[in-house]
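Let me begin by presenting the structure, written as structure tokens, before commenting on it.
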Amino acid sequence: MRLSRYFLPILKETPKEAEIVSHRLMLRAGMMRQEAAGIYAWLPLGLRVLKKIEQIVREEQNRAGAIELLMPTLQLADLWRESGRYDAYGPEMLRIQDRHKRELLYGPTNEEMITEIFRSYVRSYRNLPLNLYHIQWKFRDEQRPRFGVMRGREFLMKDAYSFDLDEAGARKSYNKMFVAYLRTFARMGLKAIPMRAETGPIGGDLSHEFIVLAETGESGVYIDKDVLDLPVPGADVDYDGDLTPIIKQWTTAYAATEDVHDGARYEREVAADKRIHTRGIEVGQIFYFGTKYSESMKALVAGPDGAEQPIHGGSYGVGVSRLVGAIIEACHDEAGIKWPEAVAPFTVSILNLKQGAGDTDAACERLYRDLSAKGVDVLYDDTDQRAGAKFATADLIGIPWQVMVGPKGLAEGKVEIKRRSDGSRENIALDAAVAHLTA
0 MRLSRYFLPI LKETPKEAEI VSHRLMLRAG MMRQEAAGIY AWLPLGLRVL
50 KKIEQIVREE QNRAGAIELL MPTLQLADLW RESGRYDAYG PEMLRIQDRH
100 KRELLYGPTN EEMITEIFRS YVRSYRNLPL NLYHIQWKFR DEQRPRFGVM
150 RGREFLMKDA YSFDLDEAGA RKSYNKMFVA YLRTFARMGL KAIPMRAETG
200 PIGGDLSHEF IVLAETGESG VYIDKDVLDL PVPGADVDYD GDLTPIIKQW
250 TTAYAATEDV HDGARYEREV AADKRIHTRG IEVGQIFYFG TKYSESMKAL
300 VAGPDGAEQP IHGGSYGVGV SRLVGAIIEA CHDEAGIKWP EAVAPFTVSI
350 LNLKQGAGDT DAACERLYRD LSAKGVDVLY DDTDQRAGAK FATADLIGIP
400 WQVMVGPKGL AEGKVEIKRR SDGSRENIAL DAAVAHLTA
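Spelled out as structure tokens, the structure:
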């Protein structure tokens with residue numbers, strides 16, 4: 000993509016309403032625009048990041064055996080009355096009437112709808128286990144939306160829902176999602192720590208939040224330092240095998256949000272030099288809720304003995320749009336964003352330091368053509384701005400690799416390559432630059 004033809008509305012000043020780093024940088028980098036309180040338009044740069052995150056989530060859900068579908072944003076109120084949650088959910092639910100006075104709601108979550116879909120088609124234990132997921136926009140009418148995408152009213156989420164014959168099977172499904180989440184966040188360059196959590200309005204008695212450590216996080220957390228060094232399962236993990244050792248490894252070391260923190264246990268189990276008390280951002284949560292929805296909504300299957308019984312369920316959420324902000328909170332400096340390569344909107348930024356000069360123009364065009372041919376996402380800054388402005392823009396939007404092409408370097412047959420994550424620089428022969436960036 001040529002920057003001269005791209006839509007990238009960079010802001011020089013930080014809007015006053017932006018209180019935290021991710022909100023400030025997303026607005027300044029032209030990633031989004033607020034359309035109403037807690038509701039944002041995703042501009043081209045932000046949308047590219049959102050789609051990269053969404054695809055990683057999708058790939059890991061598929062790897063773990065979940066099956067994708069797509070449910071609508073609007074739901075019938077009667078479904079929620081069946082489960083007993085319609086009146087209990089509170090003012091965060093956006094309630095709507097259509098022209099025929101039918102009561103609808105803009106879905107804040109989908110347990111009721113997926114249970115209704117399941118009960119319409121599945122009758123036998125032979126069709127279990129089953130895990131269905133979708134990636135869809137949701138709405139919760141936050142009383143005080145703030146912090147940009149970290150606490151918005153409209154947001155993109157991945158929701159998965161598991162269906163099993165009994166508790167033993169449901170816990171296996173829970174463990175699959177637990178491991179899938181470890182892998183998902185690690186692929187995005189994040190260290191997300193699973194912490195025992197309250198189940199809230201979802202229900203059930205087993206839940207873990209996945210928390211990214213960040214001083215700007217909304218939750219206070221207490222952890223054993225050893226949890227930071229635990230290995231994330233590789234792509235070859237056997238989801239049909241016994242995942243219990245992995246779960247045990249990740250849940251033995253102390254890690255808790257302030258809501259469920261046990262101070263006495265923390266002091267008893269964690270050495271003083273290994274205690275970390277900081278803040279964190281929730282990026283995902285998983286729940287096992289047993290027969291809560293299947294009993295109230297009559298989601299029954301015939302067991303091996305032919306008798307009908309309610310299925311055991313679980314739900315598993317990832318805040319896809321929230322992850323954009325969480326990654327920025329974890330990966331930035333005073334100059335701007337430092338995207339992990341897997342989620343960056345572009346991988347390489349080419350900076351023409353003397354636009355209009357025959358030698359720099361030709362070298363940049365060659366790099367742009369050759370990198371694009373290799374399947375690399377390239378943003379070519381072919382604008383007529385001064386070099387300093389190009390450097391500032393490149394650092395602000397956080398592209399992992401910057402290739403600076405100037406007349407002095409070209410006189411020696413070289414270009415300068417900067418790695419945004421650590422600021423390291425290297426002069427590379429022009430002829431070797433493509434190979435260096437695609438190695």
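Residue numbers (numbering that gives the first Met the number 0): 0 to 438. Beta carbons: idealized from backbone N, C-alpha and C, even for Gly.
Item                                                                                                             : Value
Contact under 8 Å by Cβ, K190 with V211                                                                          : yes
In chain order, each beta strand (DSSP E) run of at least 3 residues that lies wholly inside the stretch 223-274 : 254-256
8 Å contact criterion, which P107 and K137 should meet: CB distance rounded                                      : 6 Å
Enclosing beta strand (DSSP E) for L212 [first to last residue]                                                  : L205 to L212
Contact set for R94: own chain, Cβ-Cβ below 6 Å, skip 5 residues either direction                                : L104
Residue nearest to R47 in terms of C-alpha spacing, selected from A76, L436, I396 and A254                       : I396
Neighbour-count burial assignment, I201, 16 or more Cβ in a 10 Å radius                                          : Residue placement at I201 is poorly supported in this model, since its pLDDT is 49, which falls under 50; the coordinates still yield a value, given next. Answer is buried; the Cβ neighbour count reaches 16.
Coil, strand or helix - I192 by DSSP                                                                             : strand
Whole runs of the alpha helix (DSSP H) within the stretch 331-402, excluding any shorter than 4 residues         : 357-372 and 386-396
Unbroken alpha helix (DSSP H) run spanning E34, endpoints                                                        : First-last for E34: M31 to A35, but that is the beta strand (DSSP E), not the alpha helix (DSSP H).
Closer than 7 Å: R62 CB and nearest the ligand PLP heavy atom                                                    : The ligand PLP is not part of this structure, which contains no ligands at all.
Neighbour-count burial assignment, F162, 16 or more Cβ in a 10 Å radius                                          : buried
Segment contact, 8 Å Cβ cut-off, at least three pairs: the stretch 8-20 with the stretch 125-139                 : no
Buried versus exposed call for Y292 [16 or more other C-beta atoms within 10 Å across all chains shown]          : buried
L127 beta carbon less than 8 Å from that of Y173                                                                 : no
Environment of Y120 [buried if 16+ CB atoms lie within 10 Å]                                                     : exposed
A255 beta carbon less than 8 Å from that of R195                                                                 : yes
Local conformation of E91 per DSSP, three classes                                                                : coil
Helix, strand or coil at V121 [DSSP, three-state]                                                                : coil
Secondary structure of S3, DSSP reduced to three states                                                          : helix
Through-space distance from A343 to Y124, alpha-carbon basis                                                     : 43 Å
Strand pairing of E59, partner residues [DSSP]                                                                   : Looking at the DSSP assignment, E59 forms no beta bridge with any residue, so it has no partner.
Span of the beta strand (DSSP E) around V414                                                                     : K413 to R418
Sequence ranges, alpha helix (DSSP H) only - wholly within the stretch 103-151, length at least 4                : 110-120
C-beta neighbour in chain B for I66, strict 8 Å                                                                  : The structure shown contains no chain B; it holds only a single protein chain.
Which listed residue (I38, Q248 and D258) has its alpha carbon closest to that of L476                           : Not covered by the structure: residue 476. The range shown for the chain is 0 to 438.
H207 classed as buried or exposed, judged by whether at least 16 other C-beta atoms fall within 10 angstroms     : buried
DSSP state of P14 mapped onto helix, strand, coil                                                                : coil
The stretch 173-184 touching the stretch 268-286, judged by at least three CB pairs closer than 8 Å              : yes
Option in G422, K297 and G147 with minimal Cα separation from R23                                                : G147
Top-ranked residue by Cα proximity to L75, from G312, D272 and D97                                               : D97
Coil, strand or helix - P303 by DSSP                                                                             : coil
Beta-carbon gap between E111 and L68 smaller than 8 Å                                                            : no
Three-state secondary structure (DSSP) of I201                                                                   : Bear in mind that a pLDDT of 49 at I201, under 50, signals an unreliable position, so the number given afterwards is only what the model happens to contain. Reduced to three states, the DSSP call for I201 is helix.
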